[in-house]
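Quick note, the sequences are listed as chains A and B, same order. Take 1 as the starting number for the first sequence in the UniProt record's numbering and just add one per residue. Take 1 as the starting number for the second sequence in the UniProt record's numbering and just add one per residue.
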Amino acid sequence: MSSREQILAKLRHKRPHGPALPDIDAVPFITFADKFDAFATLVRNLGGDAVQLQPGETVAGIVAQRWPQPGRVVDVTAANPEQVSAPHDWHDVDIAIVPGELAVAESAAVWVSHAGNSQRALYFLTQKLVLVVPKDAIVDTMRDAYARVSIREHGFGGFISGSSRTADIEQSLVMGAHGAMAALVIFV
Amino acid sequence: MKNDNINHAEAAAAFLQDREQARWHDSAIWWVRQKRDAQAKQLPEWEQLRALAQQIKAHTLSRLDEYLEQFQRNAEQNGVTVHWAADADEHNRIVHGILAAGGVKKLVKSKSMLTEECGLNPYLEQRGIEVIDTDLGERIVQLRHEPPSHIVMPAIHLKKEQISELFHKELGTEAGNNDPTYLTHAARANLREHFLTAGAGLTGVNFAIAETGGVVVCTNEGNADLGTALPPIHIASMGLEKIIPKQAHLGVFTRLLARSAIGSPITTYTSHFQQARPGGEMHIVIVDNGRSDILGSDDFSQSLRCIRCGACMNTCPVYRRSTGHSYSYIIPGPIGSTLGPSRDIKKHGSMAFACTTCGSCSNVCPVKINLHEQLILQRKRAFDAGTLKPVKKMGLLAMRFLTQHPSLMDTGGKLMRKVVPILPQALTQHSAWSRPGRDLPQMPAQSFKEMWQARQKDKP
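What follows is the structure in structure tokens.
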């Protein structure tokens with residue numbers, strides 16, 4: 001008998017009693033009067049920032065204003081985004097501008113996922129990450145978010161909340177552990 | 001790997017020799033507990049959220065075989081190869097087999113308590129594979145050749161001066177530069193090179209979703225993401241209890257995990273892996289290694305609900321004052337003190353006594369495991385298995401005799417209240433109670449029983 005069969009047989013034999021699955025939508029969760037405000041306040045404590053695009057402004061303009069002398073910039077939201085043959089080729093990217101599908105007010109998280117699963121290294125290799133999210137794509141809690149992101153899957157999807165960080169040395173919070181050292185969310 | 005001959009009380013006494021370090025350790029971890037409280041209080045639904053998580057996990061455990069089969073079917077449909085390992089050795093053989101087939105010389109790992117449990121690193125190193133732990137805290141303890149002392153904060157037992165010295169020696173950082181930002185960024189630069197040159201990446205698994213066949217990994221650093229986005233091979237090792245039925249259930253667990261673990265609303269990265277990157281391959285290794293035995297135990301099966309947040313450690317007055325290195329099992333604190341003895345009571349019996357039975361662990365646990373009750377049951381097993389030191393065993397037997405003979409107990413108590421106050425200090429200083437630097441408590445004039453009786457009499 002293979003390990004698989006042995007393990008499954010044991011688990012079948014040893015099943016403890018358990019309740020039925022609860023209805024997770026039956027419990028009321030927290031809501032926010034101003035979701036953008038909740039998101040922006042939180043993300044600023046997590047090594048990030050959030051702005052709303054004003055009339056006359058462009059994403060490129062906001063990015064250029066914030067980081068006037070960038071190194072390599074890759075804009076995946078552009079019409080013909082740069083392609084690479086291996087994910088390692090993104091290793092020296094300074095600013096990556098990527099689409100975010102959905103933002104979550106309670107956690108300042110943004111859902112990223114894309115067809116083909118080819119750019120995922122970019123989200124994590126870039127020094128500064130710019131997430132471009134539609135203005136109305138913001139929900140209260142992670143439960144609301146999962147109800148929406150389950151619709152589309154591309155082999156990989158992730159929530160990103162602020163910048164990469166660690167407190168592994170004496171609980172001192174340091175931004176930029178392995179991933180992006182800065183995160184900017186632009187609602188358009 | 002951990003030395004499983006450690007006796008908790010002895011190791012804790014040694015740790016407490018350095019009073020300043022011990023105080024720092026206690027307060028640093030208590031601060032994380034307070035951050036957890038602040039997050040929990042922001043959510044009016046916190047207690048309902050815990051109840052939902054408990055119910056989802058308890059339900060899943062009652063049909064674990066079905067959900068694992070469903071998970072495997074869906075993972076295979078996604079093009080993922082699923083492996084099953086009955087024990088640690090089989091897990092290590094499978095991982096090595098995948099690496100050997102791919103000609104991998106270097107493996108980057110994100111945090112995985114399961115691979116610590118299985119002793120994967122030494123197994124692979126003996127077979128010529130370079131293993132790089134990439135979580136900063138894990139990297140620190142790997143370079144020091146010691147096990148993690150906490151499941152979420154692996155290097156919480158160290159001061160920045162020690163890490164600075166280590167990095168100076170291993171990574172060539174400036175001598176005497178203790179700045180955490182400087183040290184973190186030095187490790188970042190060093191580990192980036194490893195990410196870019198590794199042949200495979202291994203991650204743990206926070207949640208495996210039966211409905212989608214995908215796995216979820218949560219990190220703040222982004223190391224699991226770099227370790228899987230760059231190398232062509234991704235191996236995810238998971239204990240078989242990591243299953244949840246539906247993706248929607250992540251809407252409960254991702255709300256609890258980081259709030260309970262570190263007092264943040266969520267981890268920086270919550271990544272859902274369902275397929276390998278283009279041109280790559282993805283493997284999932286499902287590991288039993290004693291878990292199915294725990295599932296069959298009425299007393300301890302609840303411990304399989306654990307989502308490894310570490311909240312029970314942060315709140316535990318014993319853990320905070322003894323460090324994870326005082327526990328013989330790789331997972332310390334209250335949850336480790338039931339998992340370890342469940343695995344091997346002879347080796348880990350002393351852990352069951354690293355507990356005041358205050359119950360705080362059970363109150364903060366996001367999946368409501370009855371931790372302190374399990375530890376009491378583990379004590380019974382430790383006693384029955386003959387793992388107690390003679391003095392402790394004699395003490396317990398004497399206490400048992402006394403509690404079974406009430407009049408003797410009354411007389412003994414009366415005698416103690418009279419005699420202890422007139423004992424010379426030289427004698428009282430060397431009792432088990434006063435050895436760690438405490439004074440014996442003031443002896444009350446009356447026993448609790450006498451006070452109770454007097455009180456009942458006074459009642460109208």
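Backbone N, C-alpha and C fix where the C-beta goes; we use that ideal spot for every residue, glycine too.
- Interface annotation, Tyr-269 (chain B): in contact with chain A, CB-CB separation under 8 Å.
- Following the DSSP letters along the chain, one finds Thr-338 (chain B) inside the alpha helix (DSSP H) bounded by residues 333 to 343.
- Among the CB atoms of chain A, none fall inside 8 Å of the CB of Lys-449 (chain B).
- The beta-carbon separation of Val-130 (chain A) and Leu-173 (chain A), rounded to 22 Å, does not stay under the 8 Å limit for a contact.
- His-325 (chain B) sits buried, since 16 or more C-beta atoms from the chains shown fall within 10 Å of its C-beta.
- Scanning chain B for C-beta atoms nearer than 8 Å to the C-beta of Val-27 (chain A) yields Glu-45, Gln-48, Leu-49, Leu-52, reported in chain order.
- For the C-beta of Gln-171 (chain A), the chain B residues within less than 8 Å are, from N- to C-terminus, Ala-28, Trp-31, Val-32, Met-153, Ile-156.
- Residue environment for Asn-223 (chain B): buried (at least 16 other C-beta atoms within 10 angstroms of its C-beta).
- Proximity of the region 106 to 126 of chain A to the region 174 to 183 of chain A meets the contact definition, three or more beta-carbon pairs being nearer than 8 Å.
- Scanning its chain for C-beta atoms nearer than 6 Å, with the 5 sequence neighbours on each side dropped, one finds around His-348 (chain B) the residues Ser-328, Tyr-329, Gly-340, Pro-341, in chain order.
- The beta carbon of Asn-92 (chain B) lies closer than 8 Å to those of Cys-118, Gly-119, Leu-120, Tyr-123, Leu-124 in the same chain, with the five residues before and after it left out.
- Nearest Cα to Asn-3 (chain B) within the set B:Ala-12, B:Pro-147, B:Pro-245: B:Pro-147.
- For Cys-309 (chain B), the closest C-alpha among the options B:Glu-45, B:Ile-209, B:Ser-362 is that of B:Ser-362.
- The beta carbon of Phe-159 (chain A) lies closer than 6 Å to those of Ala-109, Trp-111 in the same chain, with the five residues before and after it left out.
- The beta carbons of Met-175 (chain A) and Gly-18 (chain A) sit about 42 Å from each other, so the pair does not count as a contact at 8 Å.
- Contact annotation: in the region 115 to 126 of chain A, residues whose CB is within less than 8 Å of a CB in chain B are Gly-116, Asn-117, Ser-118, Arg-120, Ala-121, Tyr-123, Phe-124, Leu-125.
- Phe-39 (chain A) carries a helical assignment under DSSP once its states are collapsed to helix, strand and coil.
- Judged by DSSP in its simplified three-state form, Thr-81 (chain B) adopts strand.
- Taking 8 Å as the cut-off, the beta carbon of Leu-114 (chain B) is found no closer than this to the beta carbon of Leu-107 (chain B).
- Checking the DSSP bridge columns, you'll see Val-130 (chain A) partnered with A:Ile-97, A:Leu-184.
- Only residues of its own chain outside the window of five on either side were considered, and among them Phe-167, Leu-171, Thr-173 have a CB closer than 7 Å to the CB of Ala-186 (chain B), listed in chain order.
- With contacts defined as CB atoms closer than 8 Å, Lys-418 (chain B) and Ala-385 (chain B) fail to qualify as a contacting pair.
- Bridge partners of Ser-303 (chain B) according to DSSP: none are assigned.
- For Tyr-269 (chain B), no alpha helix (DSSP H) run applies; the uninterrupted beta strand (DSSP E) run containing it begins and ends at 269 to 273, by DSSP.
- Considered as a whole, the region 196 to 237 of chain B harbours 200 to 203, 207 to 209, 214 to 219 as its complete beta strand (DSSP E) runs of no fewer than 3 residues, in chain order.
- In the DSSP secondary-structure assignment, Ser-161 (chain A) is bridged to A:Ala-109.
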